[in-house]
Every structure is written in structure tokens, then in C-alpha cells.
Ligand SMILES: [Zn+2]
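The structure is reproduced here in C-alpha cells:
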């Protein structure tokens with residue numbers, strides 16, 4: 005199964021957790037380079053898009069885990 009496209013604002017897990025122990029990142033910029041913010045320690049990282057695609061393991065969309073009423 006192919007990974008659906010990642011969008012800015014998505015939360016993602018990479019193959020290797022961050023040094024702080026968390027493995028959940030928010031995508032803040034998508035381009036030739038991808039900028040991520042660790043959701044635990046707020047550290048920012050920048051990596052090339054192809055490296056990001058290789059490391060990407062899981063993705064959550066902001067609106068997938070909450071149901072909105074009305
Ligand atoms: Zn971190």
C-alpha cells in the first residue's frame with residue numbers, strides 16, 4: 005500500500021525516533037526540503053524530501069482522530 009501524500013500540518017512518525025524519545029513530528033514546511041517540529045521537545049529539523057520519503061513510517065492527519073459535530 006502506498007503512503008498517501010503528506011501535507012503541511014500532518015503528524016508523522018519516522019523510522020527512527022528523535023533523540024528525546026518521541027517519534028511524532030509535525031510537518032511545517034513541504035518542498036524540496038521538509039521541515040519538521042518534534043511534538044515533544046519542539047526541536048526543528050530540516051531534511052531533503054527524498055530522505056523524508058524514505059524515513060516516513062506513519063502519518064496522521066489532524067482531523068482523522070477527532071469527530072466534529074456540526
Ligand atoms: Zn524531540
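Numbering (the working numbering), first residue to last: 5 to 74. Ideal placement from N, C-alpha and C gives every residue a C-beta, glycine not left out. Model, not experiment: these values are computed from the prediction.
- In this structure, residue 17 has its CB at a distance of at least 7 Å from all heavy atoms of ligand 1.
- With 7 Å as the limit, the residues whose C-beta approaches any heavy atom of ligand 1 more closely are 22, 23, 24, 26, 42, 44, 45 and 47, in sequence along the chain.
- Secondary structure note for residue 37: its beta strand (DSSP E) is the uninterrupted segment 37-42.
- Taking C-beta separations shorter than 8 Å and ignoring five residues to either side along the sequence, the partners of residue 12 in its chain run 31, 32, 33 and 34, following chain order.
- Between residue 27 and residue 18 the beta-carbon gap is near 7 Å, inside 8 Å, which marks them as a contact.
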